[in-house]
Amino acid sequence: MGVPSTRTAQMAAMTTVGDDKPKKVRKRHKMRFWTYFWLIMAALYFLVPLYSTLQFSLETGQHAYGFKWYLQIFRDPMFRTTFLFSLRLAVETVIIGLALMVPTVYWVHLRLPRVRPVMDLISILPFVVPPVALVVGLSGVFNLMPWLLANSQILAFIYVILALPFTYRSLDAGMRAINVKTLTEAAQSVGAPGWKTLLFVILPNMRTAMLGAAFLTLAIVMGEYTISSLLLFNTFAVYIYYIGNTEAQPAAALAIISFALTWGTMMCLFFLAKTRGRASSGPTAAVGR
Amino acid sequence: MTDVSEGSDIVLTEELETPAPVLSAPRRPRKSRRGAIAWVGVVPFFAYAAFFMLLPIIVLLLKTFTSVGGGFTLTNISALFHGQYRAAFIASIEVSIVSAIGGGLFGLFVAYAAVHGRGPRWIQPLLTTFCGVASNFAGIPLAFAFIATLGPTGVITVLLTHLGVHIYPHFTIFSLAGLSLTYIYFQLPLMILIIAPSLEGLREEWREAAENLGATQRQYWWHVGLPVLLPGLAGATVLLFGNAFSAYATPYALASGGINLVPIMIGSLLSGNVVVTNPRLGDSLAFGMIVIVGITVFAYALLQRRAAKWLQ
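Going line by line, the protein sequences match chains V and W.
Just add 88 to the spot in the first sequence (first one is 1) and you have the numbering used here.
Just add 1336 to the spot in the second sequence (first one is 1) and you have the numbering used here.
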């Protein structure tokens, strides 16, 4: 009597196992379907606007394609002036930002670690104040000191604020990855003065973090429209808007050029992050909106 | 604003505190002087931030709460709750909510598919890279890309017309719906970048444990997955809201004049395109924006701290 019962039990067990298998397989298939569904949706959403813009920018007539609009853009002297202007601003922003932030972050890590929460807070403030609101406040300041607006360099100083969250985070992460205190003490024990320590010991170790901050700043400045347009400076983004208002297809070509620019900058950033580990991993979303 | 005063407070208390302990006289004062010198090192940064960020905010606050003739007033603030200014805030909040929830949900599904789905292994790094690029591809070029795609003569619009589907005039890219759809282009990648770490924190073991205890898919999500994810999810959505709310360039290029969002309104007040009786309105509108975005960033920070509990 006992034997059949165990057999039924065994059979029952076997049937449940047998029952379970197709269920799991079906579940896995369903899972795979949704995985691909969402990834394809995302790919479509990302790529269709790019493809449309590309097609629009290459269309030179009824079913005729070519680089006519791109050539027109590249030949436009305004393109060259505004592009170089924005590039110059970007380089200035990077230099001012790093010159200000590298010594500060180094000093805070070395001597004033308790100020770090305050630094964190200040560096997040540019997120709290939208660029439009910042311009309103700045124009109030410029009303009191109109001479500040006389030189276009003022934009670079404002952009340092826009890039501050990214610059600070990148440098802060970089400093945390190296042992600032030990390195400094080692340098001092062989008699290096403070500025030499910073220049020849800390800086070489911070190269990745600094380059990361620089590339993000570049991406931000090259696309910045809000502040420059409201303060009436002719930057690259202002030029793109101007072209868009006058000719649609060259504007599409410019959109593609600007995407390629962003792509190139970000690629440099990711390549950097990959080759040098995660020392400089920071946020990668910028403020161009 | 409070941060710098906080900072200087610390300087003051330190200077005040040092003379107090008399017993260890020889060493303490030296240390305090060095401490005071240490503060000198951060002066350039604080001065810079004070001039280019705090001073504008202070000027903005002063102008918001004073009348043109001088003297305290709340009329500039109360104007925000009436007429077109109220409408602008409502429209801005609407677009931000729609694009935050739309981009948030879409991003969540995509990120989950990339992190936990059984797709090819190269998907995740590719997606991360692309998200970094796409979240930076915004502003004027993005608006043009969407006009080329879904504008009246856009590639997709024309394609759909050939297929017999006429989306115009029911839908236009220049409407609130079109604007939200465009915003998602920078909201989606941002969501994926923010939420991926939280999803990676959702361990396979938990699901296996729940399944071994006989939990169904739904029970697992309701009792384990969702409670763990919720703070991170809410935080990310809140951040997306603030992100969309502060956008200026994209809506300006897409719907200049068509839709009155708060940033657009501020822009036209600032550039003198509109004549208003109250010149302080731009300031109070900007103040309103700072308050709303400030609340979202604060909420994000709180939620993020809560979310971090599970991610160790």
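Note that the Cβ used here is the ideal one computed from N, Cα and C, for glycine as well.
Query: Quick one: Cα of R1366 of chain W to Cα of I1373 of chain W, how far?; Result: The pLDDT assigned to R1366 of chain W is 49, lower than 50, so where the model puts this residue is not dependable, and the model offers no usable value.
Query: Could you work out which residue in W:L1478, W:L1569, W:R1554 and W:I1437 is closest to Y329 of chain V when comparing CA atoms only?; Result: W:L1478
Query: Kindly indicate which residue of W:A1570, W:V1627, W:S1620 and W:E1547 has the alpha-carbon position closest to the one of L1398 of chain W.; Result: W:S1620
Query: Would the region 1382-1389 of chain W count as touching the region 213-222 of chain V if we require 3 or more Cβ pairs under 8 Å?; Result: yes
Query: Under the assumption that A307 of chain V contacts T353 of chain V (Cβ atoms under 8 Å), give the Cβ distance between them as a whole number of angstroms.; Result: 5 Å
Query: Could you tell me whether the Cβ of M294 of chain V comes closer than 9 Å to any Cβ of chain W?; Result: no
Query: Contact check, L1535 of chain W vs A1447 of chain W under 8 Å by CB: the rounded distance?; Result: 6 Å
Query: So which of W:S1516, W:A1545, W:W1542 and W:G1561 has the shortest CA-CA distance to L1597 of chain W?; Result: W:S1516
Query: To the nearest angstrom, report how far apart A339 of chain V and I331 of chain V are at their CA atoms.; Result: 6 Å
Query: Ends of the alpha helix (DSSP H) at G1655 of chain W?; Result: This structure leaves residue 1655 of chain W out entirely; chain W is present only between 1337 and 1648.
Query: Hey, would you say G1453 of chain W sits closer than 9 Å to W126 of chain V, going by beta carbons?; Result: yes
Query: Looking at the unbroken alpha helix (DSSP H) that takes in E312 of chain V, where does it start and where does it end?; Result: No alpha helix (DSSP H) holds E312 of chain V; DSSP gives it neither H nor E.
Query: For the alpha helix (DSSP H) containing T1613 of chain W, name the first residue and the last one.; Result: Note, T1613 of chain W: premise wrong, no alpha helix (DSSP H); not H, not E.
Query: Check whether chain V comes within 9 Å of A1591 of chain W, counting only Cβ atoms and requiring the distance to be less than that.; Result: no
Query: Suppose contacts are defined by Cβ-Cβ distances below 9 Å. Is A1449 of chain W in contact with T123 of chain V by that definition?; Result: yes
Query: Give the straight-line distance between the Cα atoms of I266 of chain V and C1467 of chain W, rounded to the nearest whole angstrom.; Result: 28 Å
Query: Per the DSSP calculation, A152 of chain V is bridged to which residue(s)?; Result: V:G149
Query: Using the three-state DSSP reduction, which class does A1551 of chain W fall into: helix, strand or coil?; Result: coil
Query: Contact check, T170 of chain V vs N322 of chain V under 8 Å by CB: the rounded distance?; Result: 6 Å
Query: Buried or exposed: I1600 of chain W, going by 16 or more other Cβ atoms within 10 Å of its Cβ?; Result: buried
Query: Distance, Cα to Cα, L299 of chain V vs L259 of chain V?; Result: 10 Å
Query: Anything in chain W within Cβ reach of A244 of chain V, meaning under 8 Å, just list it in chain order.; Result: Ordered by position in chain W, no residue passes the 8 Å Cβ test against A244 of chain V, which lies about 11 Å from the chain.
Query: Does DSSP put P1525 of chain W in a helix, a strand or coil?; Result: helix
Query: Given that T1465 of chain W touches chain V, what residues does it touch there, using C-beta distances under 8 Å?; Result: M354, M355 and F358
Query: I need the straight-line Cα distance from L318 of chain V to G282 of chain V, nearest angstrom please.; Result: 42 Å
Query: Using DSSP with H/G/I as helix, E/B as strand and the rest coil, what is R1366 of chain W?; Result: Only weak support is given to the placement of R1366 of chain W: the predicted model assigns it a pLDDT of 49, under 50, and the value that follows is read from those uncertain coordinates. Helix at R1366 of chain W.
Query: Nearest-angstrom Cα distance between L243 of chain V and S316 of chain V?; Result: 7 Å
Query: Just to confirm, is the Cβ distance from T1402 of chain W to R1554 of chain W under 9 Å?; Result: no
Query: Could you tell me which of V:S140, V:G279 and V:T296 sits nearest to A261 of chain V, measuring between CA atoms?; Result: V:T296
Query: Give the single residue among W:F1634, W:H1506, W:F1577 and W:T1552 whose Cα lies nearest to the Cα of G1440 of chain W.; Result: W:F1577
Query: Suppose you measure from the CA of I249 of chain V to the CA of M1625 of chain W; what does that come to, to the nearest Å?; Result: 18 Å
Query: Name the chain W residues whose beta carbon is nearer than 9 Å to that of G149 of chain V?; Result: Correct list: empty, because the minimum Cβ distance to chain W is about 15 Å.
Query: Check whether the Cβ atoms of E189 of chain V and L287 of chain V sit closer than 9 Å, and answer yes or no.; Result: Reading off the sequence shown, one finds Met at residue 189 of chain V, where the question assumed Glu. Not a contact, by the Cβ cut-off of 9 Å.
Query: Out of V:E312, V:H151, V:L360 and V:F358, state which residue places its alpha-carbon closest to the alpha-carbon of I246 of chain V.; Result: V:E312
Query: With a threshold of 16 other CB atoms inside 10 Å of the CB of S277 of chain V, please say whether the residue is buried or exposed.; Result: exposed
Query: Do the region 1422-1433 of chain W and the region 1575-1590 of chain W make contact, defined as three or more Cβ pairs closer than 8 Å?; Result: yes
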